[in-house]
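As structure tokens, the structure follows; a few thoughts come after it.
Chains as they are written, first to last, in full-length UniProt numbering: chain A, 1 to 502; chain B, 1 to 56.
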């Protein structure tokens with residue numbers, strides 16, 4: 001038990017921080033020395049590395065803890081409901097992102113795509129998407145840093161605020177130095193550890209609990225009705241239909257995903273990258289929910305949110321808990337560092353470049369790199385300080401989901417249909433965002449006791465943001481627009497700086 | 001009762017999940033070796049020698 005001390009936790013964090021900083025410095029030794037390269041690293045990384053980095057991006061503390069909590073709360077059905085989310089989003093919206101990347105390879109962020117697509121409508125929609133992108137990246141990072149504080153406290157006994165600040169500062173250090181390259185390669189190292197450890201500790205936990213047959217007997221005898229059923233009403237209406245509309249945006253309204261798809265060295269590999277990463281990611285929440293099922297079968301009575309570490313600590317030796325801590329911290333680091341880099345990208349691509357600077361400046365001015373790093377460091381410190389708050393991770397997650405959910409469909413439709421009516425699309429997002437706050441966020445957060453089920457509240461903003469653009473486009477199709485013009489407009493701004501020397 | 005799993009079906013389900021997890025881990029380990037070969041293979045002279053000035 002002596003290994004689970006605050007000192008060992010600090011040593012683990014320190015070693016990881018030093019390794020990450022050395023890696024960041026090494027990765028950026030021979031790079032172009034401009035902000036575009038630091039943050040976007042366009043076409044810089046091999047496809048398999050991007051696949052693994054995307055798995056890490058979709059893997060965060062909730063993927064493990066939330067999926068296991070689903071297992072103990074909903075039974076066997078949770079083992080497919082949570083893993084269903086990312087592949088569902090990839091299948092539905094991955095092709096849209098793939099199309100955008102192939103048609104407009106010089107675009108750096110999802111708000112930037114919107115800026116070009118809605119250019120004839122003015123700046124308002126771009127500013128809304130930019131605001132959403134900034135809030136999303138910022139608070140997702142803060143959520144991860146808060147989670148790191150919890151995990152370090154539970155496993156090593158490090159006070160929450162110290163764990164959060166240390167995590168935030170380590171992430172800030174290596175992302176400020178190495179940008180997206182550091183994020184992708186630390187993702188890779190973290191996923192190597194996560195993948196191998198999960199492939200060991202989950203089977204070990206199931207076997208230590210007596211094997212699948214014993215777990216089944218425990219489930220059949222559990223207090224939870226229908227725990228051994230593959231489909232239950234509660235899982236469908238209480239879990240699937242609430243997560244279903246909320247996670248649709250995972251592939252498209254997610255700058256972390258855009259960053260990685262853009263950094264892939266092969267244009268045209270997007271479907272493979274997205275599909276393969278989604279398929280492999282499925283194993284992680286499915287395995288985590290198996291641990292939750294073990295908890296249910298052995299009569300776990302602790303906090304459902306911590307069933308995964310609780311069961312592992314109860315069944316495996318002490319160092320099993322340390323391994324689990326490494327897995328969760330890896331998941332947290334990989335998502336938080338991606339968010340810091342994504343936020344910086346949006347600030348440069350969608351705030352500085354269009355309103356204060358120029359394409360030329362971010363592609364050629366090496367002095368801007370230093371200023372960008374200062375801004376990244378300041379944002380990272382603010383994230384670290386906010387990460388010391390002791391608040392509900394669920395509350396923050398719901399707020400961010402409610403904000404990003406309504407912008408998904410208008411953006412997808414605008415990429416698929418040239419006759420998309422921009423004005424009706426804009427109405428959809430400006431009505432959809434507050435509608436999502438009222439009908440989805442307030443009831444689920446417990447602030448408003450709504451007279452309908454939570455899943456219905458999530459469907460309302462989706463109905464608005466799907467219905468309005470379709471009606472507007474059918475009634476008043478924009479026959480003037482074509483994607484070729486948009487491509488020409490982007491090329492006119494970027495052609496002389498794009499790396500097309502071969 | 002259509003969706004009630006038997007002990008056998010649940011065991012198969014559990015082993016499928018565990019196998020999938022192992023495949024995910026193997027993919028990452030395999031990618032690691034591939035990447036190491038890409039980086040270090042060239043330094044060890046693992047690639048065919050290029051003719052001088054022949055890189056067009």
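The C-beta atom is built at its ideal place from N, Cα and C for all residues, glycine as well.
Round the Cβ separation of residue i and residue j to the nearest angstrom and send it over; I've been treating them as touching at under 8 Å.
i, j, result
"residue 458(A)", "residue 245(A)", "4 Å"
"residue 145(A)", "residue 9(A)", "Contact flag wrong, Cβ pair sits at about 15 Å."
"residue 97(A)", "residue 252(A)", "6 Å"
"residue 94(A)", "residue 110(A)", "About 14 Å; that fails the 8 Å criterion."
"residue 215(A)", "residue 206(A)", "6 Å"
"residue 362(A)", "residue 36(A)", "5 Å"
"residue 393(A)", "residue 165(A)", "Going by Cβ atoms, the distance from residue 393(A) to residue 165(A) rounds to 17 Å, so no, they are not a contact pair."
"residue 431(A)", "residue 464(A)", "6 Å"
"residue 227(A)", "residue 296(A)", "6 Å"
"residue 418(A)", "residue 482(A)", "5 Å"
Just reading off the alpha helix (DSSP H) that residue i is part of, what are its end residues?
i, result
"residue 48(A)", "47 to 58"
"residue 367(A)", "367 to 386"
"residue 187(A)", "160 to 208"
"residue 217(A)", "212 to 220"
"residue 87(A)", "78 to 103"
"residue 304(A)", "Element bounds for residue 304(A): n/a, residue is neither H nor E."
"residue 405(A)", "Per DSSP, residue 405(A) belongs to no alpha helix (DSSP H) and is neither H nor E."
"residue 117(A)", "110 to 117"
"residue 461(A)", "454 to 475"
"residue 295(A)", "283 to 297"
"residue 430(A)", "422 to 436"
"residue 334(A)", "318 to 346"
"residue 361(A)", "359 to 364"
"residue 447(A)", "Unbroken run through residue 447(A): none, as it is neither H nor E."
"residue 31(A)", "Per DSSP, residue 31(A) belongs to no alpha helix (DSSP H) and is neither H nor E."
"residue 73(A)", "61 to 74"
Three-state secondary structure (DSSP) at residue i?
i, result
"residue 506(A)", "Chain A is shown from 1 up to 502; residue 506(A) falls before or after that span and cannot be answered."
"residue 487(A)", "helix"
"residue 36(A)", "helix"
"residue 223(A)", "coil"
"residue 239(A)", "helix"
"residue 270(A)", "helix"
"residue 250(A)", "helix"
"residue 418(A)", "coil"
"residue 107(A)", "coil"
"residue 300(A)", "coil"
"residue 11(B)", "helix"
"residue 37(B)", "helix"
"residue 480(A)", "coil"
"residue 391(A)", "coil"
"residue 440(A)", "helix"
"residue 398(A)", "helix"
"residue 495(A)", "coil"
Kindly identify the DSSP beta-bridge partner or partners of residue i.
i, result
"residue 229(A)", "4(B)"
"residue 264(A)", "45(A)"
Closer than 9 Å by beta-carbon distance: list the chain C residues that pair up with residue i, in chain order.
i, result
"residue 36(B)", "No chain C is part of this structure, whose protein chains are labelled A and B."
Once you ignore the five residues that flank residue i on each side, which residues in its own chain have a CB closer than 8 Å to its CB?
i, result
"residue 229(A)", "75, 76 and 77"
"residue 381(A)", "168, 169 and 172"
"residue 332(A)", "60, 61, 144, 145, 147, 148, 151 and 167"
"residue 391(A)", "146"
"residue 500(A)", "Here the model assigns residue 500(A) a pLDDT of 43, short of 50, so the residue's position is not dependable and the matter cannot be decided."
"residue 193(A)", "326, 327 and 330"
Can you find the residues in the same chain that come closer than 6 Å, C-beta to C-beta, to residue i, ignoring five residues on each side of it along the sequence?
i, result
"residue 281(A)", "55, 58 and 86"
"residue 436(A)", "402, 405, 406 and 461"
"residue 260(A)", "50, 53 and 54"
"residue 292(A)", "68, 71, 72 and 307"
"residue 476(A)", "421"
"residue 372(A)", "35"
"residue 353(A)", "362"
Short of 7 Å in beta carbon distance, which residues of its chain neighbour residue i, apart from the five on each side in sequence? Order them along the chain.
i, result
"residue 503(A)", "Residue coverage of chain A in this structure runs from 1 to 502, which leaves residue 503(A) outside it and unanswerable."
"residue 45(B)", "Confidence at residue 45(B) is low in this model, with a pLDDT of 48, below 50, so the placement of that residue should be treated as unreliable; the coordinate-derived value is given next. Correct list: empty, nothing qualifies."
"residue 21(A)", "173, 174 and 177"
"residue 114(A)", "125, 126, 129 and 411"
"residue 495(A)", "none"
"residue 39(A)", "179, 180, 341, 344, 345 and 348"
"residue 502(A)", "With a pLDDT of 35 at residue 502(A), under the threshold of 50, the predicted position of this residue should be treated as unreliable, though the coordinate-derived value follows. Taken in chain order, the list of residues that qualify is empty."
"residue 336(A)", "141, 144, 145 and 171"
"residue 320(A)", "201 and 312"
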